[in-house]
Amino acid sequence: MVLFAATLVALFATLFEIAEPSVIALGWAVIVLAALAGAGPVVERPADAGPAAEEGDSVQSFGELTRFLDEIDLGIYLLGPDGAVLFQNRSAGVTFGAFPVGSHISARMRAPGVLDIVRDTLSSGRANQIEYSERLPSERVYHVRSAPVATAEGERPVFMLVFRDVSEGRRIDRMRSDFVANASHELRTPLASLRGYIETLQGPAKNDTKAQERFLPIMLDQATRMSRLVDDLMSLSRLEVRAHLPPDQTVSLGPLLEHVRDSLLPLAGDLDVSIELHLPQEPVDVIGDHDELVEVFENLIENACKYGAEGKVVDVWLKPVAPRGAEVSVVDHGPGIPAEHVPRLTERFYRVSVADSRSKKGTGLGLAIVKHILTRHRARLIVKSEVGKGTTFTVRF
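Adding 685 to a residue's 1-based position in the sequence shown gives its number in the numbering used here.
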């Protein structure tokens, strides 16, 4: 029981350092289990039981420990004093692959920083920790801690190596940082413009009615632009937080596209553009999030209306794709997009023409939002454009 209780206490020390409420709660559960393990019922062993009975108790204790560790959602290794793997829990096996018992930790673990803290803990008996990241197959970040486990006098030393996945927290931190940087960069220009107009109206144009009539609509336009920009940034942040959660609604694309077409008719009328839907007779359904897909096709069809040619038609085609997919194409007949710009269209704030985008009240975030929504839906955005002939945006589910 000594190894069982000592390992649980060492694990609690690791959990407590993380200092997140849910993890702290798990840590207190570990302490209670450790206390119960250490204060279990006392069974008198016969005086002549000998070493075999003690060895049996040790094996039973180790078995109880490994069963418990297998249920914890952390990557956990127990190591001998020479760095040999005594045990690898289920979570570690899923994350890093199987480590044969008895093999040295360095035989499969190739991260120099992790091996350095293991070597230091094995030689000094001190706990160590490090943040370790992997780039492939996808970027993951781990808080890694190595620590000795207290064992009974005369027992072989045991050490613990624990990996906790903190990728989601780091990703959210990075998103917050990006949000602040993007917002401050994009809001600087309209704010400076507003400030200039306000100072003019407070000073030289204080009593100039004509200047006020000219400046106030411009100021309203700048304030509206900032509001749209903040809305788009917030939408992008919400999408990034939910990117790993696949949608689960059944969405009928025909009625959805009709709804989007109807909502954009006033804009199309102002731009002297008509929107033509080409829908199949049979219903076409996909698994998705209805509101997010409305946002996708509003963005694509609105862009086609704004950047296509006046007096032209925007064609929207829907067709089923075997076995259970679908394809929606939005076709404009405008000036087209030069080939060198096409790969970057979904980048945040990327504009083929800054002046043209701002004159049409674009924030530079519409296609970035489309990309994030389609990524969550496991769908693709395909862009084909020919200068002088027009552009086709195809969403393939």
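Built from N, CA and C at the ideal position, the CB exists for glycine as well.
| Asked | Found |
| --- | --- |
| May I ask which residues mark the beginning and end of the alpha helix (DSSP H) holding residue 954? | 938–955 |
| Taking the C-alpha atoms as reference points, what is the distance between residue 895 and residue 872? | 28 angstroms |
| What's the gap between the Cα of residue 1009 and the Cα of residue 977? | 20 angstroms |
| Taking C-alpha atoms, which residue in 789, 1032, 1050 lies nearest to residue 766? | 789 |
| Pick helix, strand or coil for residue 794, following the three-state DSSP scheme. | coil |
| Rounded to the nearest angstrom, what separates residue 786 and residue 913 at their Cα positions? | 58 angstroms |
| Looking at residue 1050 and residue 1031, is the spacing between their C-beta atoms short of 8 angstroms? | no |
| Can you check whether the CB of residue 847 is closer than 8 angstroms to the CB of residue 760? | yes |
| With a cut-off of 8 angstroms, do at least 3 Cβ pairs link the stretch 1000–1009 to the stretch 1057–1065? | no |
| Using C-beta distances below 6 angstroms, list every residue in its chain close to residue 852, excluding the 5 sequence neighbours before and after it, in chain order. | 825, 826 |
| Is residue 788 helix, strand or coil when you go by DSSP? | coil |
| Could you give the residue range of the beta strand (DSSP E) that holds residue 1006? | 998–1006 |
| Note down, in chain order, each residue of its chain lying with its Cβ closer than 6 angstroms to the Cβ of residue 1013, except the 5 sequence neighbours on either side. | 1003, 1080 |
| Taking just the CA atoms, how far does residue 841 sit from residue 808? | 14 angstroms |
| Under three-state DSSP, which class holds residue 766? | coil |
| Quick one: give me the first and last residue of the alpha helix (DSSP H) that residue 965 is part of. | First-last for residue 965: undefined, no H or E at that position. |
| Leaving aside the five residues before and after residue 1074 along the sequence, list all residues of the same chain whose C-beta is less than 6 angstroms from its C-beta, in chain order. | 1021 |
| Quick check on DSSP: helix, strand or coil for residue 875? | helix |
| By Cβ distance below 8 angstroms, which residues in the same chain neighbour residue 932 in space, the five residues on each side in sequence not counted? | 972, 973, 974, 977, 1061, 1062 |
| Going residue by residue through the stretch 801–884, where are the continuous alpha helix (DSSP H) segments of at least 4 residues, counting only ones entirely within it? | none |
| Please name the residue in 1064, 828, 970, 862 whose C-alpha comes closest to that of residue 937. | 970 |
| Is DSSP giving residue 778 helix, strand or coil here? | helix |
| Residue 1024 to residue 803, Cα distance in whole Å? | 52 angstroms |
| Identify which residue in 1017, 899, 764 has its Cα closest to the Cα of residue 882. | 899 |
| I believe residue 1070 touches residue 1027 by the beta-carbon criterion, under 8 angstroms. Please report the beta-carbon distance rounded to the nearest angstrom. | 6 angstroms |
| Is DSSP giving residue 906 helix, strand or coil here? | helix |
| What span of residues does the beta strand (DSSP E) with residue 1069 cover, start to end? | 1065–1071 |
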